[in-house]
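Input: a single structure, listed below in structure tokens.
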Amino acid sequence: MSLNPQANEWKPSFTAKEFVPSFDAPAQPPPVPDAPPASTTQPSAPAPVRVLKLTKTEPVPQAPPSAATADDKLPKKEESSSKTESKPAPAAKAKTPKKETSSVPPQQPTNATKTDAVAEDLEALDGDIIADLYGKEHLNVVFMGHVDAGKSTMGGNILFLTGMVDKRTMEKYEKEAKDAGRESWYLSWALDTGAEERAKGKTVECGRACFETDKRRYTILDAPGHKNYVPSMISGASQADVGVMVISARKGEFETGFERGGQTREHTMLAKTSGIVKMVVAINKMDDPTVQWDKERYDEIIAKLTPFLKQTGFNPKTDVYFMPVSGYTGANIKDRSSACSWYNGPSLLEYLDDLKTLDRKLNAPLMIPVAEKYKDMGTIIVGKIESGHIKKNQSVLLMPNKRATEISTIYNETEEEVEQAMCGDNVKVRLKGLEEDVSFDPTFHHEVSPGFMVCTKKKPVKTATKFQAQLAILEHKNIICAGYTAVLHVHAAAEEITLGALLHLIDKKTGRKSKRPPQFVKQGQKVIARVETSGPICVETFEDYPQLGRFTLRDEGKTIAIGRITKVLDDDE
1 MSLNPQANEW KPSFTAKEFV PSFDAPAQPP PVPDAPPAST TQPSAPAPVR
51 VLKLTKTEPV PQAPPSAATA DDKLPKKEES SSKTESKPAP AAKAKTPKKE
101 TSSVPPQQPT NATKTDAVAE DLEALDGDII ADLYGKEHLN VVFMGHVDAG
151 KSTMGGNILF LTGMVDKRTM EKYEKEAKDA GRESWYLSWA LDTGAEERAK
201 GKTVECGRAC FETDKRRYTI LDAPGHKNYV PSMISGASQA DVGVMVISAR
251 KGEFETGFER GGQTREHTML AKTSGIVKMV VAINKMDDPT VQWDKERYDE
301 IIAKLTPFLK QTGFNPKTDV YFMPVSGYTG ANIKDRSSAC SWYNGPSLLE
351 YLDDLKTLDR KLNAPLMIPV AEKYKDMGTI IVGKIESGHI KKNQSVLLMP
401 NKRATEISTI YNETEEEVEQ AMCGDNVKVR LKGLEEDVSF DPTFHHEVSP
451 GFMVCTKKKP VKTATKFQAQ LAILEHKNII CAGYTAVLHV HAAAEEITLG
501 ALLHLIDKKT GRKSKRPPQF VKQGQKVIAR VETSGPICVE TFEDYPQLGR
551 FTLRDEGKTI AIGRITKVLD DDE
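Take the sequence shown: its position 353, counted from the start at 1, is 353 in UniProt numbering, and no numbers get skipped.
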């Protein structure tokens with residue numbers, strides 16, 4: 001008989017012992033005891049009970065590669081065409097693992113085995129394809145710390161030491177800085193490109209640059225250290241994989257940054273809230289005349305930082321690595337320094353190169369939070385691909401305004417045009433036709449804004465104006481009641497919110513919820529509350545997508561609370 005489930009007529013087989021209808025017949029043919037196995041390849045799961053057994057002793061020829069296995073190692077474009085343009089052969093239909101071929105005849109198709117619309121867009125990319133398409137792994141590193149700790153100077157020196165900024169350009173910066181009376185700041189000018197930043201010596205926006213080593217590609221996210229620019233720091237931290245906390249070892253500077261009101265504490269907490277799990281604490285300015293690579297000063301700083309890092313949620317033994325450096329001289333940045341004989345660990349770049357490969361969600365639904373937007377022959381958005389992968393001419397959906405658009409151009413971190421990009425990459429993407437068509441929802445602003453999300457049409461991100469969340473109140477002098485307003489920071493979005501209702505207090509020791517809703521909540525307490533936003537935002541529950549489900553609340557220049565979303569609510573809930 002024919003093994004083709006789509007067959008609509010009888011096709012006799014001279015080797016079969018009986019005829020079995022090819023349409024969805026529930027009857028199962030009697031098994032033949034002496035039938036040999038249909039394939040020598042062991043399947044990953046037990047063979048289904050209703051599989052037909054062959055009586056012929058010769059091996060059944062495998063399905064041609066074009067039907068079953070040829071696409072297993074091809075990029076997405078070729079896979080999708082084979083899925084949509086031709087019906088798979090029976091052998092392909094029986095294939096459940098990604099890379100396994102089998103000559104065992106398939107079960108009759110059911111709704112459970114049919115490929116759904118989402119899966120068609122989420123083909124697997126294995127390690128060989130990734131290496132071939134993208135080369136070295138990409139890592140996003142955010143430089144954090146108190147103002148004047150030396151973040152931009154360290155970042156600029158890294159660009160110089162890795163060859164991203166040539167000697168002539170650095171000499172030009174040095175001359176310009178000297179003429180401006182800022183000679184010691186010249187290294188930071190590689191990252192601080194704005195006139196205001198150079199004049200004041202303070203980073204205002206989150207700077208962005210890239211460099212490459214023998215093992216990895218990196219994007220530097222240079223976060224501002226001044227307390228007035230914390231929202232820019234949050235935006236940078238939300239895109240990072242690894243944090244580098246830059247601490248000044250100079251007498252008095254560490255104490256100023258670490259005491260209450262300094263940005264060392266707040267940046268550490270915001271880094272943890274943003275999802276950074278690995279932290280390098282670079283104790284900088286060890287070459288300063290007040291320090292002179294003194295091990296006692298180094299140990300003193302570590303002793304003060306360690307309890308705070310532990311309190312914030314970092315494990316000092318597994319999540320944090322301390323190292324002495326000089327961002328100005330480059331000591332212990334690329335190469336190990338002979339000036340610090342008592343330190344036997346790796347340099348900063350050696351440590352970053354040796355970090356374990358990150359777990360990327362390559363086959364998850366596409367999500368790119370928009371961090372920046374500007375016009376250049378169309379609308380260009382900047383952001384990190386949090387999950388999935390993209391390719392040129394791909395149709396996407398812009399949320400929360402549900403605007404269908406198309407990716408016309410993709411630029412990688414070095415401004416080179418590429419055909420595809422994957423999860424973890426920091427990209428610039430030109431979107432087609434956004435400025436030409438303003439016919440979509442007239443009640444919603446047409447411009448793309450930071451906090452918007454690029455996703456697929458088949459699996460769009462959730463949008464909401466209400467959600468339920470668990471909050472930890474960190475710092476607030478007064479009590480907080482229902483009706484309290486603040487600014488919510490989630491991924492790259494910032495939105496005004498109101499606490500619609502306080503639902504349950506959470507006992508710190510037992511974790512139990514109170515039966516009655518509390519009248520108020522104060523510093524040091526945890527509460528489950530209903531949060532209402534002033535406009536629709538793109539969020540998911542923390543359990544499903546941690547990067548889109550964790551947030552901070554800020555008010556009057558301070559971080560008031562951190563939280564995680566437990567439930568996304570409909571408007572009528």
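In this text, a Cβ means the ideal position worked out from N, Cα and C, and glycines have one as well.
Remember, it's a predicted structure, so these values are computed and weren't measured experimentally.
To the nearest angstrom, how far is the alpha carbon of residue i from that of residue j?
| i | j | result |
| --- | --- | --- |
| I276 | T213 | 22 Å |
| A339 | T306 | 25 Å |
| E416 | I381 | 15 Å |
| F520 | A331 | 52 Å |
| K462 | G433 | 24 Å |
| N157 | E253 | 21 Å |
| G236 | F452 | 16 Å |
| T552 | S274 | 9 Å |
| R216 | G424 | 13 Å |
| E296 | S152 | 26 Å |
| V568 | N401 | 17 Å |
| V490 | I234 | 9 Å |
| Q525 | G261 | 21 Å |
| A464 | P546 | 16 Å |
| E447 | V539 | 19 Å |
| I480 | K522 | 6 Å |
Taking the alpha carbon of residue i as the point to measure from, which residue in the options has its own alpha carbon closest?
| i | options | result |
| --- | --- | --- |
| D294 | P324, V454, M453 and V280 | P324 |
| S534 | I497, K522, H504 and R217 | I497 |
| I385 | Q394, L398, D376 and I368 | I368 |
| W185 | K391, Y328, D555 and I506 | Y328 |
| K227 | Y218, D571, T219 and T256 | T256 |
| M164 | D179, G181, R208 and A180 | R208 |
| K391 | K508, C455, M399 and V539 | C455 |
| A149 | N426, K251 and V418 | K251 |
| H146 | M245, K178 and R168 | M245 |
| M279 | T465, M154 and L352 | L352 |
| M170 | S188, A180 and G181 | S188 |
| M154 | A282, R516, A180 and V230 | A282 |
| K334 | L348, E300, Y321 and N344 | L348 |
| K466 | S341, K458 and A501 | A501 |
| D359 | E413, M422, K375 and S337 | M422 |
| T264 | I301, Y374, D571 and H389 | I301 |
With DSSP run on the structure shown, which of helix, strand or coil describes residue i?
| i | result |
| --- | --- |
| residue 599 | In the structure as shown, the chain starts at 1 and stops at 573, and residue 599 therefore has no counterpart that could be examined. |
| V230 | helix |
| L366 | coil |
| E496 | strand |
| D354 | coil |
| G563 | strand |
| F542 | coil |
| Q547 | helix |
| M286 | coil |
| S408 | strand |
| P316 | coil |
| A256 | Residue identity differs from the one stated: residue 256 is Thr in this sequence, not Ala. Three-state result, T256: helix. |
| R265 | helix |
| M170 | helix |
| T306 | helix |
| A272 | According to the sequence displayed, residue 272 carries Lys and not Ala. Correct three-state label for K272: helix. |
| I220 | strand |
| Q470 | strand |
| Q292 | coil |
| Y374 | strand |
For a quick check, are the C-beta atoms of residue i and residue j less than 7 Å apart?
| i | j | result |
| --- | --- | --- |
| M144 | A223 | yes |
| D383 | R430 | Per the sequence shown, residue 383 should be read as Gly rather than Asp. No, the Cβ-Cβ distance between G383 and R430 is not below 7 Å. |
| F211 | L159 | yes |
| K356 | S387 | no |
| I410 | Q394 | no |
| T566 | Q468 | yes |
| L503 | A482 | no |
| A492 | A371 | yes |
| N426 | T268 | no |
| K513 | I506 | yes |
| L397 | K457 | yes |
| V487 | R403 | no |
| residue 575 | M399 | An answer regarding residue 575 cannot be provided, because it is not within the stretch 1 to 573 covered by the chain. |
Any heavy atom of the ligand SAM closer than 6 Å to the CB of residue i?
| i | result |
| --- | --- |
| V141 | Looking for the ligand SAM in the displayed structure turns up nothing, as the structure carries no ligands at all. |
Does the segment 138-153 come within contact of the segment 229-244, defined as at least 3 CB pairs closer than 8 Å? Three or more Cβ pairs closer than 8 Å define a contact, and the segment 138-153 meets that threshold against the segment 229-244.
I want to know whether the segment 280-296 touches the segment 173-180 - three or more CB-CB distances under 8 Å. They do not touch, by the three-pair rule.
The segment 550-567 / the segment 465-482 touching (three or more Cβ pairs under 8 Å): Yes: at least three Cβ pairs fall under 8 Å.
Indicate whether the contact test is met: 3 or more Cβ pairs, each with one atom in the segment 521-529 and one in the segment 304-323, closer than 8 Å. No, the segment 521-529 does not touch the segment 304-323.
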